[in-house]
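In the UniProt record's numbering, the protein residues as written are 1 to 653.
Right under this line is the structure:
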């Protein structure tokens, strides 16, 4: 909440508040966004730690731009505080105004660049990369603007070579202006509500309204790094794989920027470092005999098998030989969808997993390695083989572990809360297409990603949703023909205008919670009817993409009453009895809502957040976690190609 100048007649008050610059029209093709890695030709410098921070508390939130705070050290513009990066800024201080702050905040970091990055300046690129920053970012280096980016969950970067190599000394001052305001055309959408009743609200009072049920944390949420490449460099790599019983083919495409004259050589190595295939040129195919396929967790004794594709580029520039080396993990696996099954490497795969959030105490959505490892250990303890990135793309570090551990991912864009009719117009559509381009570009090579999700619970019963989702899904399939595409619906099967275009039906329902609350006895009838109606209409496999109930840890009731741990367990068991019947037919998965309790906006139905987790926000198990664990390990034993001696204790977790 906050206050802003009174809106001028005829002008949108939100525009006066935000002063958001407009992004240019979408380019025909995006440059590559390979994760920064240390290689023989590349170096990284991580910029995590404490940054200077200042919220713009001026009435219009525009003092930072009007006074050009980026032209000098931020501490010279006024009071600053220390702020950890990566982290959300909301829960770090004792200032309640920062907890719910809306508008521009400013970050700054001064770093020393290694002199060697500047000494061979014509042949060295220096790049500044952000893993993510929520929501709209403008970045300056030494007072020079280098990049703008819209969107809070995907990486962006800028070549800053000309700025830092043209500056005296090795000091590099990075300034970031960040705005967390959501509008009907952002992803996710939201809107500013001005309270005009002066008898009830202060002058120019407003709040940010959203149509999703998680807290709109903001800040620099993922790592910031500086890295180098040669001036001629490997910009992007695209890999797809096919396999038969004894041979696999790895198709590759490599793009090089900086010169049109270069040579490329490729080597594919197994986990022992043995070269199993070689190639050359910007595109081609590598043949792998007797391949180790990438299998999901609990589907094979060696899940998550990754090869290493080393790409080496050489080019002559002004008499100097430049070499760039990049290594990409590659998993060999196939995905295929039938009318009743989801096949990985030709074998039926059943999703028994979770929905998650990037959310934890204090750090909000900030990346935290201890938390990440705890979550993966809990997933494997649980016997979960999959999760959906509800409701936005997760950090690349998390996705790396999914590849390595064999955790299957439904990769979802930030298309949550698309409820307003104006959010289905051309402006929103163009941005949605751009976001899908960024997401596919980032995650296209990941074997763990088996399906794209373009939205969660949109107002797909609106007529305009038909063209909207037909366009977004077709665009996503054009970007990546190798994976199925879905969106997650809670609409009536007979009224959903987007469902005809998906490959897999993903449906959310909360029988005996939001519908007929307290009446567990209605679940069998209503859930069975849900599945049968959807399948009869579309003849496509179905995932129960959300189901669950809130439970307050330590609250007990027998007979089960809502919000008790017993009610959460009882609801799960009612759902599971129906799943067990329908997974013999066309139901291909079940994803509990939610893995862990998470923070939301304040409200009369939320007591310090959403309590539908099977783990607390501090990652301690509720009773439902043990119900789900017993079920998931049983399903794993039934479907595994391993001997039926797998138990929840047979793997080191």
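Heads up, the beta-carbon is just placed ideally off N, CA and C, and yes, glycines get one too. Just so you know, these numbers come straight off a predicted model, no measurement behind them.
The residue among 266, 482, 426 and 458 with its C-alpha nearest the C-alpha of residue 443 is 482. Here DSSP, grouped into helix, strand and coil, assigns residue 452 to strand. Residue burial is scored here from C-beta neighbours: residue 459 has at least 16 other C-beta atoms within 10 angstroms and is therefore classed as buried. Counting along the chain, no beta strand (DSSP E) covers residue 258, and no H or E run does either.
For the 9 Å CB-CB criterion, residue 177 and residue 64 form a contact.
The secondary-structure analysis by DSSP pairs residue 295 with nothing; it has no beta-bridge partner. Closest by C-alpha distance to residue 33, out of 157, 313, 100 and 92, is 157. A direct Cα-Cα distance of roughly 12 Å separates residue 440 from residue 155. Check the Cα spacing between residue 259 and each of 277, 123 and 333: the tightest is with 123. Using a Cβ-Cβ distance cut-off of 8 Å, the stretch 416-432 and the stretch 462-469 are in contact, since at least three pairs of beta carbons, one from each stretch, lie closer than that value. Taking 9 Å as the cut-off, the Cβ atoms of residue 597 and residue 617 count as close. The beta-carbon distance between residue 307 and residue 268, rounded to whole angstroms, is 5 Å. This is short enough to meet the 8 Å contact definition.
Linking residue 57 to residue 67 through their CA atoms gives a straight-line distance of about 13 Å.
Contact between the stretch 505-515 and the stretch 536-550 is present: 3 or more CB-CB pairs across the two stretches fall below 8 Å.
Taken in chain order, the complete beta strand (DSSP E) segments of 3 or more residues contained in the stretch 443-497 are 449-456 and 485-489. By the Cβ neighbour-count rule, residue 53 is buried, with 16 or more other Cβ atoms within 10 Å of its own. By the criterion of a C-beta distance shorter than 7 Å, residue 340 is surrounded in its chain by 541, 585 and 586, once the five residues flanking it on both sides are discounted.
Excluding residues up to 5 positions away in sequence, 157, 159 and 227 lie with their Cβ nearer than 6 Å to the Cβ of residue 127 in the same chain.
Taken atom to atom, the span from the alpha-carbon of residue 138 to that of residue 398 is near 26 Å. Taking each of 436, 404 and 146 in turn and checking the Cα distance to residue 414, the smallest one comes out for 436.
The C-beta distance from residue 454 to residue 472 rounds to 5 Å, short enough to meet the 8 Å contact threshold.
From the listed residues 503, 462 and 564, the smallest Cα separation to residue 477 is found for 503. Between residue 85 and residue 368, the alpha-carbon positions lie close to 10 Å from each other.
DSSP, reduced to helix, strand and coil, places residue 639 within a helical segment of the structure shown. In the displayed model, residue 351 falls within a strand according to three-state DSSP. In the displayed model, residue 318 falls within coil according to three-state DSSP, outside both helix and strand. Within the same chain, Cβ atoms closer than 7 Å to the Cβ of residue 289 are found at 246 and 247, the five residues on either side in sequence being excluded. With three or more CB-CB distances shorter than 8 Å, the stretch 358-377 counts as touching the stretch 213-231.
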